[in-house]
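Down below is the structure, laid out as structure tokens.
2 protein chains.
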Amino acid sequence: MKRGTLRLIEVGPRDGLQNEPNTIPLDAKIAFVNGLGKTGVAEIEVSSFVSSRWVPQLGDAEDVFLKIDRAPGVIYSALVPNEKGLDRALACDIDKISVFTAASEVFNKHNINASIKESIERFRPVVERSERPVRGYISTAIWCPYEGKIEPSAVVDVAKQLIDLGVSELSVADTVGKASPPEVRALLDALLPCAVPVALHFHDTYGMAIANVLTAYKEYGIASFDGSAGGLGGCPYAPGASGNVATEDLAFAFGASGVEVGVDINSVIEAARPLEQYLGRPLASRLSQVPEF
Amino acid sequence: MKRGTLRLIEVGPRDGLQNEPNTIPLDAKIAFVNGLGKTGVAEIEVSSFVSSRWVPQLGDAEDVFLKIDRAPGVIYSALVPNEKGLDRALACDIDKISVFTAASEVFNKHNINASIKESIERFRPVVERSERPVRGYISTAIWCPYEGKIEPSAVVDVAKQLIDLGVSELSVADTVGKASPPEVRALLDALLPCAVPVALHFHDTYGMAIANVLTAYKEYGIASFDGSAGGLGGCPYAPGASGNVATEDLAFAFGASGVEVGVDINSVIEAARPLEQYLGRPLASRLSQVPEF
Numbered sequence: 018m019k020r021g022t023l024r025l026i027e028v029g030p031r032d033g034l035q036n037e038p039n040t041i042p043l044d045a046k047i048a049f050v051n052g053l054g055k056t057g058v059a060e061i062e063v064s065s066f067v068s069s070r071w072v073p074q075l076g077d078a079e080d081v082f083l084k085i086d087r088a089p090g091v092i093y094s095a096l097v098p099n100e101k102g103l104d105r106a107l108a109c110d111i112d113k114i115s116v117f118t119a120a121s122e123v124f125n126k127h128n129i130n131a132s133i134k135e136s137i138e139r140f141r142p143v144v145e146r147s148e149r150p151v152r153g154y155i156s157t158a159i160w161c162p163y164e165g166k167i168e169p170s171a172v173v174d175v176a177k178q179l180i181d182l183g184v185s186e187l188s189v190a191d192t193v194g195k196a197s198p199p200e201v202r203a204l205l206d207a208l209l210p211c212a213v214p215v216a217l218h219f220h221d222t223y224g225m226a227i228a229n230v231l232t233a234y235k236e237y238g239i240a241s242f243d244g245s246a247g248g249l250g251g252c253p254y255a256p257g258a259s260g261n262v263a264t265e266d267l268a269f270a271f272g273a274s275g276v277e278v279g280v281d282i283n284s285v286i287e288a289a290r291p292l293e294q295y296l297g298r299p300l301a302s303r304l305s306q307v308p309e310f
Numbered sequence: 018m019k020r021g022t023l024r025l026i027e028v029g030p031r032d033g034l035q036n037e038p039n040t041i042p043l044d045a046k047i048a049f050v051n052g053l054g055k056t057g058v059a060e061i062e063v064s065s066f067v068s069s070r071w072v073p074q075l076g077d078a079e080d081v082f083l084k085i086d087r088a089p090g091v092i093y094s095a096l097v098p099n100e101k102g103l104d105r106a107l108a109c110d111i112d113k114i115s116v117f118t119a120a121s122e123v124f125n126k127h128n129i130n131a132s133i134k135e136s137i138e139r140f141r142p143v144v145e146r147s148e149r150p151v152r153g154y155i156s157t158a159i160w161c162p163y164e165g166k167i168e169p170s171a172v173v174d175v176a177k178q179l180i181d182l183g184v185s186e187l188s189v190a191d192t193v194g195k196a197s198p199p200e201v202r203a204l205l206d207a208l209l210p211c212a213v214p215v216a217l218h219f220h221d222t223y224g225m226a227i228a229n230v231l232t233a234y235k236e237y238g239i240a241s242f243d244g245s246a247g248g249l250g251g252c253p254y255a256p257g258a259s260g261n262v263a264t265e266d267l268a269f270a271f272g273a274s275g276v277e278v279g280v281d282i283n284s285v286i287e288a289a290r291p292l293e294q295y296l297g298r299p300l301a302s303r304l305s306q307v308p309e310f
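Protein chains in written order, with the working numbering: chain A, 18 to 310; chain B, 18 to 310.
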């Protein structure tokens with residue numbers, strides 16, 4: 018199967034930090050994003066233009082965007098939940114926007130207080146007015162903490178609605194972090210024939226993320242994977258879901274498998290390490306804990 | 018490829034505990050082994066008949082063997098370094114013995130103070146007099162903390178010597194925990210044509226173990242994998258090497274992939290959990306940290 022160039026999409030500043038209870042100072046976020054810009058990742062999801070009432074940790078999205086250095090060739094994106102968020106995002110001249118829904122009705126209700134259909138309708142004017150590439154997240158694409166196993170057909174149904182809206186890319190997420198390679202295969206068999214380019218977004222709760230990523234790359238030619246520097250992240254609405262798979266662990270897994278990835282492991286760890294003092298715990302990635310690589 | 022029935026070999030009581038600095042009480046070890054006997058694992062490596070001067074933690078090997086309940090159908094084995102150890106092992110009527118060498122000369126020198134050739138000669142009378150099946154470990158089979166990458170030909174060379182000695186099975190170990198699926202493929206391509214049945218023994222230091230295990234199972238039909246309950250273990254001579262891949266994480270990975278494994282995840286965690294009080298830290302496995310599975 019022909020593969021595109023491998024692209025790692027860094028979601029640590031948004032997905033990694035959004036649920037952290039300790040406030041991360043603005044300067045630390047800016048330093049984090051600036052450090053990530055030097056790692057070789059293709060994109061950085063910098064923040065979310067959601068109301069700070071809902072996600073107080075990311076209430077400083079404008080300040081972060083206006084103060085970071087933008088590395089040439091790197092795409093700086095953010096989550097945009099609605100038109101109000103879009104106005105804020107456009108004022109910051111961000112490169113790309115992301116909209117976020119789920120394949121599970123119950124999860125969507127808990128997470129964004131909307132049905133899947135309502136969420137899609139909410140995105141319609143956002144995508145129409147965006148004048149930028151739009152990434153459409155489909156979370157709980159394999160397992161849902163409330164509904165259990167999600168059928169590939171449910172994901173395909175949401176994917177088609179997002180594609181009809183005009184998204185240019187899907188990021189399909191194993192939010193619970195429990196998927197196995199055969200489940201990933203079943204999903205991709207159903208999804209790839211109908212979809213725009215697909216990125217995969219794994220959490221590593223059950224230790225399956227690397228196996229899934231290598232399967233999707235090797236067998237399906239998927240070449241875009243989301244990662245979070247230091248393995249930051251988690252999901253309060255997905256009980257037990259630990260962090261996103263770490264960007265540096267992805268970079269190691271591909272490099273060790275002989276796949277050119279272009280992301281410097283040391284630089285990713287160096288970008289994330291200073292956050293430990295605010296998180297109150299060490300980074301969760303494997304590569305941040307080994308003496309050499 | 019035809020696959021045999023999947024067999025998980027529990028090495029926690031030996032490989033998992035041997036380097037723990039805090040003394041684990043005899044009763045806790047007995048309870049651990051008795052608990053493991055109820056999990057569905059095929060074999061349990063109970064202890065090591067090495068001198069207690071070298072491995073004080075396992076100095077009570079006889080006491081453990083004489084006091085555990087032996088579950089029907091489960092093979093109870095131990096590491097035997099030399100003839101003196103064999104005499105002790107035979108006195109306990111163990112089911113199977115293991116001998117331990119490496120594919121790296123420098124590692125072997127650090128670990129058992131012998132060249133590979135010397136170690137093989139030391140095993141000769143042990144295997145001859147064993148009257149039991151013998152497992153031959155080949156550690157540092159892919160990476161060595163001192164020599165770096167190990168060529169498959171070096172592993173094949175040691176494998177042939179062990180097979181000539183009369184071992185009935187090899188356990189080939191990624192001691193450093195750094196191997197990738199392509200490296201596992203290269204090793205198995207070279208090793209399988211010449212070898213007796215091969216078990217694989219992974220550490221999960223770099224987060225690659227599950228990907229490697231599923232590759233070896235799916236593509237090569239390897240059906241015996243070593244695991245350590247709770248992810249116990251590590252290796253003082255392999256800097257940075259974290260624990261063995263956890264037995265319960267293996268069981269989950271196979272079960273989630275639709276492969277019948279016959280090992281009860283809950284029972285494995287329950288067997289290992291009481292050790293936390295002696296280790297002074299929580300279990301390292303993924304499955305011991307999730308709310309449900």
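Heads up, the beta-carbon is just placed ideally off N, CA and C, and yes, glycines get one too.
- The C-alpha of residue 282 of chain B is placed about 26 Å away from the C-alpha of residue 96 of chain B.
- Listed along chain A is no residue with a C-beta nearer than 8 Å to that of residue 278 of chain B; the closest approach is about 12 Å.
- In the three-state reduction of the DSSP assignment, residue 192 of chain B falls in the coil class.
- Chain-order list of chain A residues neighbouring residue 286 of chain B: empty, with the shortest C-beta distance near 13 Å, by a criterion of under 9 Å.
- Scanning chain A for C-beta atoms nearer than 8 Å to the C-beta of residue 227 of chain B yields 224, 225, 227 and 228, reported in chain order.
- In this structure residue 27 of chain A is buried. Its beta-carbon is surrounded by 16 or more other beta-carbon atoms within 10 angstroms.
- Interface with chain A (7 Å Cβ-Cβ cutoff): residue 303 of chain B is included.
- Comparing alpha-carbon positions, the option among B/23, B/50, B/22 and B/25 lying closest to residue 34 of chain B turns out to be B/50.
- Taking residue 276 of chain A as the centre and dropping the five residues before and after it, the same chain places the C-beta of 23 and 234 closer than 8 Å to its C-beta, in chain order.
- Inclusion of residue 218 of chain B and residue 243 of chain B in the CB contact set at 7 Å is warranted, their separation being smaller than that value.
- The CB of residue 199 of chain A comes closer than 7 Å to the CB of 274 and 275 in chain B, given here in chain order.
- Near chain B, meaning a CB-to-CB distance below 7 Å, the residues of the region 229-240 of chain A are 231.
- Residue state for residue 22 of chain B is assigned as coil, using DSSP reduced to three classes.
- Contact annotation: in the region 259-270 of chain A, residues whose CB is within less than 7 Å of a CB in chain B are 266, 269 and 270.
- The bridge partners DSSP lists for residue 117 of chain B are B/154.
- Note on geometry: alpha-carbon atoms of residue 152 of chain A and residue 180 of chain A lie some 10 Å from one another.
- Looking from the CA of residue 295 of chain A, the closest CA among A/64, A/79 and A/41 belongs to A/41.
- Linking residue 260 of chain A to residue 76 of chain A through their CA atoms gives a straight-line distance of about 21 Å.
- The beta carbons of residue 226 of chain A and residue 262 of chain A sit closer together than 7 Å.
- One alpha carbon belongs to residue 44 of chain B, the other to residue 187 of chain B, and they sit about 31 Å apart.
- In the structure shown, residue 217 of chain B adopts extended strand secondary structure according to DSSP, grouped into three states.
- In this structure the region 83-92 of chain B does not touch the region 121-139 of chain B; the number of beta carbon pairs closer than 8 Å is below three.
- Comparing alpha carbon positions, the residue from B/52, B/36, B/163 and B/110 closest to residue 69 of chain B is B/36.
- Looking at the DSSP output, residue 187 of chain A shares a beta bridge with A/153 and A/215.
- By the neighbour-count criterion, in which a residue is buried when 16 or more other Cβ atoms sit within 10 angstroms of its Cβ, residue 130 of chain A is exposed.
- Rounded to the nearest angstrom, the Cβ distance from residue 52 of chain A to residue 287 of chain A is 6 Å, consistent with a contact under 8 Å.
- Within the model, the alpha-carbon separation for residue 105 of chain A versus residue 144 of chain A is close to 14 Å.
- For residue 281 of chain A, no alpha helix (DSSP H) encloses it, and the DSSP letter there is neither H nor E.
- Residue burial annotation: residue 206 of chain B is exposed, with fewer than 16 other C-beta atoms found within 10 angstroms of its C-beta.
- In this structure, the CA atom of residue 298 of chain B is about 46 Å from the CA atom of residue 213 of chain A.
- Contact between residue 81 of chain B and residue 54 of chain B is absent: CB atoms are separated by about 13 Å, not below the 8 Å threshold.
- Where residue 49 of chain A is concerned, the enclosing alpha helix (DSSP H) starts and stops at 43-53.
- Under the DSSP assignment, residue 244 of chain B falls outside any alpha helix (DSSP H), being part of the beta strand (DSSP E) whose first and last residues are 241-244.
- Residue 280 of chain B is positioned such that its CB atom lies closer than 7 Å to that of residue 56 of chain B.
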